[in-house]
Amino acid sequence: MKQKLTVLLQSPFNHRLNIKIWQVFFLFTLAMSFTSQAQTVIITKDADLGSGTYNWTNNNIYMLDGFVFLESGGVLNIEAGTVIKAKAVPTTGDNASALIITVGAKIFATGTATQPIIFTSEADDTNNPNDLAADDRGLWGGLIILGDGVLGNTNPTSNIEGIPTSEPRAQFGGSNNSNNAGVLQYVSIRHGGAELSPGDEINGLTLGGVGSGTSIDYVEVIANLDDGIEIFGGAVNIKHAAVAFCGDDGFDWDMGWVGKGQFWFVLQGPDEADNGGEWDGAIPDGNVVYSNPTVYNLTFIGSGTGTVAATNTNAVLMRDATAGTVANSIFTEYAHKALEVEDLPAASGIDSYTRMQNGELKFLNNLWYGFSNYTTFDANSTTGIIRATSNADDPTCAALIAHLTNNNNQLTNPMLTSISRNPNNMLDPRPQSGSPAFNGLASTPADPFFNNVGYKGAFDGNGSNFWLNSWTALDQYGFLALITSVENTDALPVRSLELFPNPAKEKIYVSINSFDNKLVTLELFDLFGKKILNKSVILETGTPTAIDLDDVSNGIYVIRVRNGSSQVMKRFIKQ
């Protein structure tokens, strides 16, 4: 992952992030020090959890060895900043390592923006953002949470996928859609999805029959081999959720989920990915209970237009007679089609297309753009962004296209600031000033769960709350743009700051493009904000300035270039 990293300072978009530089620096420096102290590794097997109360603290690393079940009545409290790792080859004989919160148990994983709770592989050095990459998938199982919520299924209970059907503790479902399985807040789940058998993997976060009493807010799944987040029935609500570089679908719902969601983000890699959303109704399709959630403010970015190895079939696939409302969202940069709503022959019974025609399935005020060579708002097989189901009753998708048009769905550029699938600090999925994301919004439901915001998609382009910052692997691994405020644009006419090589050894070179030979203050900080270097230099266009690192210990540092009230900074690794 050695590369030159670039951060934009003065661009047409940067003026929107109007926060003080010291606030950004404080959050940034703390975000990389999740496990800076020496920690004890505690091997955790199934026998180590039961129906009692357990407290995991951030002075330890907890190593999952095999399938570990928190049983009914059990409570697991996880302190902010705690790292949970998992063995790739368990000593227990299980096919993978995973944490399973069973029906009647509760997990309270309450992290913070500066001290997230991290679930990851034993191979992951969480202090080194360069040791694992976004395509390092399937290194352990995942996190599974089960409840006794209502299922759209032939039977009122089911066995969760990914766990052997012979395991009774993996059963879920019932009649209580308000059950409380605990809290997930500022939780990052990394490099999971171990393959148990060909085509049978564990999702990053699996929610089976989880009820509305559970709180899930600020959750990330990155580099999972299977789906990022999959929901089976129940009524759990999910807010501020990010799924990146997963091998299958981004968000998957199934078996009668009737919850709510807002501020969901998907970023798919070019090497391996399927649908952004695969949204199913019930088993069988005509079940009296079927999926009917309400989701607002999604930003789904696919594997990229043009030739990619990823399947990336649709931005959204709705099938198995799902209903639901999808509103004020952005779908862009997919290798193939935008949307398929399953339309089966009439003799097959109810389907998602019929639910749309009946008013149960709604797409309201969404933006669609960038689907390779598919550029027309129709179901033409060679040019249309809509995928018609084989042998559909409505082969031209006339009813679907009319529904999209009548409900203010637009085929137009959402004008996202910057899309990148490389760790080059150039990912900024917020809409630019003048984007259609700020116009023509559907009304937000009068429900305390939903925030009434003035933009489409998961991120505000006019404010400072870029909620992926600090706590996510996307930030730690160097994907997110670090854009600072510029209070005096005349003081520091900088276009970009470049640090190379990165990682560095004996020296690191600082270069600023389009700089008119300004005298600046150049500072070097460690992760705790301690200033290691402070000197005045003249940075000239095209002439790098070297910083000697012989007396600097290995680790992660920040360089800040300052002139008056204008500042720009960038992190690097000394190794």
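Each residue of the sequence shown is one higher than the one before, starting from 241 at the first, in my numbering. Even glycine gets a Cβ: it sits at the ideal position worked out from N, Cα and C.
Nearest to Ala698 (by Cα), restricted to the options Val566, Ser455, Pro510, Phe348: The alpha carbon of Ala698 has as its nearest neighbour, out of Val566, Ser455, Pro510, Phe348, the alpha carbon of Val566.
Test item: CB-CB of Tyr797 and Leu762 under 7 angstroms: For Tyr797 and Leu762, no; Cβs fall outside 7 angstroms.
DSSP bridge partner residues for Met303 (one or two, in chain order): Answer by DSSP bridge pairing, in chain order: Ile283, Lys325.
Separation of Leu773 from Gly382, as counted between CA atoms: Our two residues, Gly382 and Leu773, have alpha carbons roughly 42 angstroms apart in a direct line.
Closest by C-alpha distance to Asp790, when choosing among Gly351, Arg802, Glu780, Lys814: Answer by Cα proximity: Lys814.
Extent of the continuous alpha helix (DSSP H) to which Arg377 belongs: Where Arg377 is concerned, there is no enclosing alpha helix (DSSP H), given that its DSSP letter is neither H nor E.
Exposure of Ala575, with buried meaning 16 or more beta-carbon neighbours within 10 Å: The residue in question, Ala575, is buried, as its Cβ has 16 or more Cβ neighbours within 10 Å.
Straight-line gap, Met809 to Thr551 (C-alpha atoms, nearest Å): If you take the alpha carbons of Met809 and Thr551, they lie about 38 angstroms apart.
Proximity winner among Thr652, Gly516, Val450, relative to Gln508 (alpha-carbon distances): Measuring from the Cα of Gln508, the nearest candidate turns out to be Gly516.
Coarse secondary structure for Met596, derived from DSSP in three states: Three-state DSSP puts Met596 in a helix.
Option nearest Ser190 by Cα separation, candidates Thr545, Leu584, Asn664: An answer regarding residue 190 cannot be provided, because it is not within the stretch 241 to 815 covered by the chain.
Rounded C-alpha distance that separates Gln716 from Arg595: Cα-Cα distance, rounded: 42 angstroms.
Buried versus exposed call for Thr616 [16 or more other C-beta atoms within 10 Å across all chains shown]: So Thr616 ends up on the exposed side.
Rounded C-alpha distance that separates Pro510 from Ala484: Whole-angstrom Cα-Cα distance: 11 angstroms.
Rounded straight-line distance, which links the Cα of Gln355 to that of Phe268: Confidence is the limiting factor: at Phe268 the pLDDT is only 40, short of 50, which leaves the residue's position unreliable, though a coordinate-based value still follows. For Phe268 and Gln355, the distance between alpha carbons rounds to 11 angstroms.
His480, enclosing beta strand (DSSP E) - first and last residue: His480: member of the beta strand (DSSP E) spanning 477-484, first to last residue.
Identity of the residue in Pro743, Gly499, Tyr609 nearest Ser455 by Cα: Looking at the Cα atoms, Gly499 is the closest of the given residues.
CB of Glu573 within 7 angstroms of CB of Gly610, strictly: Yes.
Ile261, DSSP secondary structure in three states: Bear in mind that the predicted position of Ile261 carries a pLDDT of just 34, short of 50, making it too unreliable to give a figure here.
Per-residue DSSP class, three states only, for Ala549: In the structure shown, Ala549 sits in coil (DSSP, three-state: anything other than H, G, I, E or B).
Spatial distance of Glu311 from Ile400 (CA atoms): Whole-angstrom Cα-Cα distance: 15 angstroms.
Burial state of Asp375, where buried means 16 or more other Cβ atoms lie within 10 Å: With fewer than 16 other Cβ atoms inside 10 Å of its own Cβ, Asp375 counts as exposed.
Backbone secondary structure at Asn774 - three-state DSSP: Reduced to three states, the DSSP call for Asn774 is strand.
Option in Ser291, Val693, Phe503, Gly453 with minimal Cα separation from Thr342: Put simply, of Ser291, Val693, Phe503, Gly453 the residue whose alpha carbon is nearest the alpha carbon of Thr342 is Ser291.
Paired residues, beta bridge with Glu470 - DSSP: Residue pairing from DSSP places Glu470 in a beta bridge opposite Thr446, Asp492.
The region 445-459 touching the region 426-436, judged by at least three CB pairs closer than 8 angstroms: As far as the Cβ criterion goes, the region 445-459 touches the region 426-436, which means the pair count is three or higher.
Three-state secondary structure assigned by DSSP to Ser751: For Ser751, the secondary structure class from DSSP, reduced to helix, strand or coil, is strand.
Backbone secondary structure at Ile625 - three-state DSSP: Note: Ile625 maps to coil in three-state DSSP.
Glu228 classed as buried or exposed, judged by whether at least 16 other C-beta atoms fall within 10 angstroms: There is no way to answer for residue 228, as the model of the chain reaches only from 241 to 815.
C-alpha gap between Thr724 and Asp492, whole angstroms: Residue confidence for Thr724 is low, a pLDDT of 37 falling below 50, so the modelled location carries little weight and cannot support an answer.
Uninterrupted alpha helix (DSSP H) stretches inside the region 625-697 (no shorter than 4 residues): Counting only runs of 4 or more, we get 638-646.
Run of the alpha helix (DSSP H) containing Leu222, from where it starts to where it stops: Since the first residue of the chain shown is 241 and the last is 815, residue 222 is not available in this structure.
Local conformation of Gln716 per DSSP, three classes: Residue state, collapsed to three classes: helix.
Pick from Arg800, Asp766, Phe503 that is closest to Val792, judged by C-alpha positions: Answer by Cα proximity: Asp766.
Closest Cα partner of Ile318 within the set Phe307, Tyr294, Gly306: Selection Phe307, Tyr294, Gly306 evaluated against Ile318 yields Tyr294 as nearest (Cα-Cα).
N-terminal and C-terminal residue of the beta strand (DSSP E) that Arg559 is part of: Here the beta strand (DSSP E) through Arg559 covers 554-559.
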